[in-house]
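These notes are about the structure you will find just below.
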Amino acid sequence: MLINRPMNRVIIFILFLVIGFSACESESNPPKTAKQKAKSNKVLNRILEKKKLKAVTDYSSVTYLIYRGETIGYQYEMLKDFTDYLGVELEMVVEKDLDKSIKMLNNGEVDLLAMGLTVTTDRSKKLEFTNPILTTHQVLVQRKPDDYMKMATADEIESHLLRNQIDLSDKTIYVQKGTVYVKRLITLADEIGDTITIIQEDKDVEELIKAVADKEIDYTVADEHIAIVNSKYYPNIDIKTPISFPQKIAWAAKKGQTGLTDTINTWLDDYLNSLRSRLIYNKYFKNIRSRRIAQSQYNSFSGDQLSPYDDFIKQGSKMIDWDWRLLASLIYQESQFKPNVRSWVGAYGLMQLMPETLMHFDLDTNATPQEQIFAGAKYIAYLDQQLPKTITDSIERIKFTLASYNSGIGHILDGRRLAEKYGKDPDIWTGHVDHFVYSLSDEFYYHDPVVYYGYTRGEETYNFVIEIMERFEDYKNLIPN
Numbered sequence: 043m044l045i046n047r048p049m050n051r052v053i054i055f056i057l058f059l060v061i062g063f064s065a066c067e068s069e070s071n072p073p074k075t076a077k078q079k080a081k082s083n084k085v086l087n088r089i090l091e092k093k094k095l096k097a098v099t100d101y102s103s104v105t106y107l108i109y110r111g112e113t114i115g116y117q118y119e120m121l122k123d124f125t126d127y128l129g130v131e132l133e134m135v136v137e138k139d140l141d142k143s144i145k146m147l148n149n150g151e152v153d154l155l156a157m158g159l160t161v162t163t164d165r166s167k168k169l170e171f172t173n174p175i176l177t178t179h180q181v182l183v184q185r186k187p188d189d190y191m192k193m194a195t196a197d198e199i200e201s202h203l204l205r206n207q208i209d210l211s212d213k214t215i216y217v218q219k220g221t222v223y224v225k226r227l228i229t230l231a232d233e234i235g236d237t238i239t240i241i242q243e244d245k246d247v248e249e250l251i252k253a254v255a256d257k258e259i260d261y262t263v264a265d266e267h268i269a270i271v272n273s274k275y276y277p278n279i280d281i282k283t284p285i286s287f288p289q290k291i292a293w294a295a296k297k298g299q300t301g302l303t304d305t306i307n308t309w310l311d312d313y314l315n316s317l318r319s320r321l322i323y324n325k326y327f328k329n330i331r332s333r334r335i336a337q338s339q340y341n342s343f344s345g346d347q348l349s350p351y352d353d354f355i356k357q358g359s360k361m362i363d364w365d366w367r368l369l370a371s372l373i374y375q376e377s378q379f380k381p382n383v384r385s386w387v388g389a390y391g392l393m394q395l396m397p398e399t400l401m402h403f404d405l406d407t408n409a410t411p412q413e414q415i416f417a418g419a420k421y422i423a424y425l426d427q428q429l430p431k432t433i434t435d436s437i438e439r440i441k442f443t444l445a446s447y448n449s450g451i452g453h454i455l456d457g458r459r460l461a462e463k464y465g466k467d468p469d470i471w472t473g474h475v476d477h478f479v480y481s482l483s484d485e486f487y488y489h490d491p492v493v494y495y496g497y498t499r500g501e502e503t504y505n506f507v508i509e510i511m512e513r514f515e516d517y518k519n520l521i522p523n
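Here my numbering is used: position 322 in the sequence shown is 364, and no number is missing along the way.
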C-alpha cells in the first residue's frame with residue numbers, strides 16, 4: 043500500500059514527539075540505582091536475614107488479644123499469615139501511642155506499623171503505606187437511652203439518638219489525641235456551620251467507647267470496624283451514625299521502604315480475595331462467635347484471665363521459679379486448659395503427664411486440676427536438675443527443660459553430644475542443640491555413635507519449644523504478671 047508524502051511527514055513528526063517525550067520521561071524518572079534499590083530493600087533484607095518480622099500494634103479487642111489461652115486478633119492473624127508467606131517468625135510489640143510507634147519505626151526498633159491506620163495525605167508524607175487491608179468509615183458512638191430494653195418500638199429508641207450530623211451542633215465529643223477523628227470533626231463543624239467542642243484525650247479509642255457505655259461521656263468517634271466489635275462488649279452503645287466518607291485502612295513501613303510494602307502488596311493481591319481472608323474478617327466482625335469472645339472472662343481485653351486454673355498455675359510456677367505465664371503457655375500447649383484430655387499415647391490431663399509419672403507422684407486420672415499442675419511443676423523441677431550446670435543462661439535452660447518435657451531428657455542429652463561433636467555450643471539451645479534434636483529423626487544422626495537413645499520425632503520437640511516461647515511473649519504482652 044502507498045502512503046503519500048504529507049502522511050509520511052506526519053508519521054515522522056509523531057515519532058520525533060514520542061522519542062522526545064520518552065527521553066524527557068526517562069530524565070524525570072530515571073531508573074533506580076543499585077544503591078537506591080538496596081536502601082529501599084533495607085528493612086525487607088533485615089527481616090529475611092534475621093528470619094523475623096517485628097510489628098508494632100495497639101492492644102485492643104480487634105487487633106491483638108488472648109482468648110482462652112490462644113493468641114487472636116484481626117491484625118495478628120493477618121500478620122501471622124503474611125509472616126508464614128515470607129517464611130519468618132512474627133514478634134509483636136504493643137504500643138498504643140501512635141507518635142511513639144512511628145518513632146520506633148523510624149529508629150528501626152520495629153519493621154512494620156500494624157495498627158490499622160487510616161491512610162491520609164499528611165500521613166503518606168511520613169509513612170510508606172501498603173495497599174488497604176480494609177475500607178471503613180468513622181461513626182459516632184453514643185449511648186442508647188437507659189430503658190431502651192423496655193421500649194416498645196425501634197422508633198422510640200431512635201427518637202433519643204442523633205442521626206443527622208447537623209444535630210452535633212453545640213455537642214461535646216471526646217476523641218483520642220492525634221487521630222484523624224480530630225481533623226474530621228473540625229471539617230464537619232465547618233460543613234454544618236456551627237460549633238462542635240472537641241476534647242482530645244490520652245485514652246485510646248476503646249477506652250473512650252467504654253467511657254460512653256459507662257456514662258462518663260456522651261459521645262466519641264471510632265472507625266466502624268472497631269465500633270462493631272466493641273458494640274458486642276457494650277450492648278448499650280449505638281454506632282449507626284456515620285460522620286465520614288469511606289476511608290482506607292492499611293499497614294505502614296518506614297518512608298522509602300518500598301521493598302517491604304511492595305512485597306506485602308503482592309501478597310495482599312491474592313490474600314484479600316482468598317477464603318482465608320474472608321473467614322478471618324467474618325470471625326471478628328460478623329460471626330456470632332465474636333460475641334462469645336467479647337463476653338468471656340477469659341478474654342485478655344476485658345477479663346485478664348487465661349483459664350479457670352490461673353491461681354493454681356501461679357502457685358505451681360513459684361515451685362519452679364518460673365513466670366506463671368510461661369507455665370500457662372506450656373499447659374495450653376499440652377491440653378488447651380482441658381483437665382480430662384487424654385493423648386493417643388496415654389498422657390493425661392492439663393500437663394499431659396504419662397501414667398508412670400502420675401504414679402510417681404501418687405496420682406492417677408482422678409487427680410484434681412490443682413494436683414495435676416503441682417505434679418507437673420515437680421516433674422519440671424526434676425528435669426531441670428538432670429540438666430548440666432554448665433547451662434547457665436536462664437532462658438536457654440528453660441528451653442532445654444521444655445524440650446526435655448516433650449521428648450525426654452535422654453534425647454536432649456543426645457542432641458548436646460551431637461552439637462559438641464559438630465562444633466556447636468552444647469549449652470545453647472537456639473541455633474545449636476535445637477538443630478541436632480530436630481535431626482534425630484534422620485538415620486544419619488540417630489545412628490551416630492554419640493547418640494545413646496536413638497530415634498525421636500525431633501521436629502515436634504523443636505516446634506514445641508518455639509511455640510511455647512512465642513506464646514509466652516504474647517502472654518507477657520497482654521496479660522499482667
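No residue lacks a Cβ here, since even glycine has one placed at the ideal position from N, Cα and C.
Task: Test: K145 CB closer than 8 Å to a CB of chain C - done: The structure shown has no chain C; it contains just one protein chain.
- [ ] Put E151 into one of helix, strand or coil per three-state DSSP.
- [x] coil
- [ ] Taking only the alpha-carbon atoms, compute the straight-line gap between I270 and Q184 and give it to the nearest angstrom.
- [x] 13 Å
Task: Bridge partner(s) assigned by DSSP for Q184 - done: Y261, D280
Open item on the list: Less than 8 Å between the beta carbons of D456 and V493, yes or no?
Closed with: yes
Open item on the list: Could you pull the DSSP bridge partners for V107 from this structure?
Closed with: In the sequence under discussion, the amino acid at residue 107 is Leu, which differs from the Val named in the question. DSSP, once it has assigned bridges, lists I114 as partnering L107.
- [ ] Note down the Cα distance separating R513 from T113, rounded to an integer number of angstroms.
- [x] 7 Å
Task: Distance between beta carbons of Q299 and V85, contact taken as under 8 Å - done: 5 Å
Task: With 16 other Cβ atoms within 10 Å as the buried cut-off, status of L164 - done: Residue 164 is actually Asp in this sequence, not Leu. Exposed.
TODO: Can you have a look at Y118 and say buried or exposed, based on whether 16 or more other CB atoms are within 10 angstroms of its CB?
DONE: buried
Task: Counterpart residues of M134 in DSSP-defined beta bridges - done: A97
- [ ] Just tell me which of L128, Q180, A294, W364 has its CA closest to the CA of Q207.
- [x] Q180
- [ ] Measure the C-alpha to C-alpha separation of C66 and S211 and round it to an integer number of angstroms.
- [x] Low local confidence applies: a pLDDT of 47 at C66 is under 50, so the model's placement there is unreliable, with the coordinate-based value given in what follows. C66 and S211: Cα-Cα distance of roughly 53 Å.
Task: R384 (DSSP reduced to helix, strand or coil) - done: strand
- [ ] Check whether the Cβ atoms of D312 and K138 sit closer than 8 Å, and answer yes or no.
- [x] no
- [ ] To the nearest angstrom, report how far apart Q375 and E170 are at their CA atoms.
- [x] 37 Å
Task: Terminal residues of the beta strand (DSSP E) in which I433 lies - done: From DSSP, I433 is part of no beta strand (DSSP E); its letter is neither H nor E.
Open item on the list: With a threshold of 8 Å, are at least 3 pairs of Cβ atoms found where one atom belongs to the segment 413-428 and the other to the segment 356-370?
Closed with: yes
- [ ] Verify whether the separation of the beta carbon atoms of V479 and G500 is less than 8 Å.
- [x] Yes, the pair counts as a contact, with Cβ atoms nearer than the cut-off.
- [ ] Flag this pair as yes or no: are the beta carbons of S143 and V98 separated by less than 8 Å?
- [x] yes
Task: Beta-ladder partner(s) of I215, from DSSP - done: I240
Task: Local Cβ density within 10 Å of W364, reported as buried at 16 or more and exposed below that - done: With 16 or more other Cβ atoms within 10 Å, it is buried.
Open item on the list: Nearest by alpha-carbon distance to I373: which of G391, R384, W386, S449 is it?
Closed with: G391
- [ ] Please name the residue or residues paired with F171 in a DSSP beta bridge.
- [x] A294
Task: Proximal residues to S483 (C-beta, below 8 Å), its chain only, five neighbours per side dropped - done: Y497, T498, R499, G500, E501
Open item on the list: Residues in the same chain with beta-carbon distance under 6 Å from I281, minus the five sequence neighbours each way, listed in chain order, please.
Closed with: V181, V183, A269, S273
Task: As assigned by DSSP and simplified to three states, the class of L210 - done: helix
Open item on the list: Relative to the C-alpha of Y487, which candidate in L460, F287, P288 has its C-alpha closest?
Closed with: L460
- [ ] Tell me, to the nearest whole angstrom, how far the beta carbon of D346 is from that of P522; I am working on the premise that it is less than 8 Å.
- [x] 6 Å
TODO: Quickly, what does DSSP pair T160 with across the bridge? List them, please.
DONE: I291
Open item on the list: I'd like to check one pair, L107 with L520: are the Cβ atoms closer than 8 Å?
Closed with: yes
- [ ] Under 7 Å Cβ to Cβ from W293, same chain only, skipping five residues before and after it: list those, please.
- [x] L154, L155, A156, T172, I175, I306
TODO: Would you list the residues sitting across from Y390 in a DSSP beta bridge?
DONE: R384, L395
TODO: Please state if the CB of G220 and the CB of D141 are separated by a distance shorter than 8 Å.
DONE: yes
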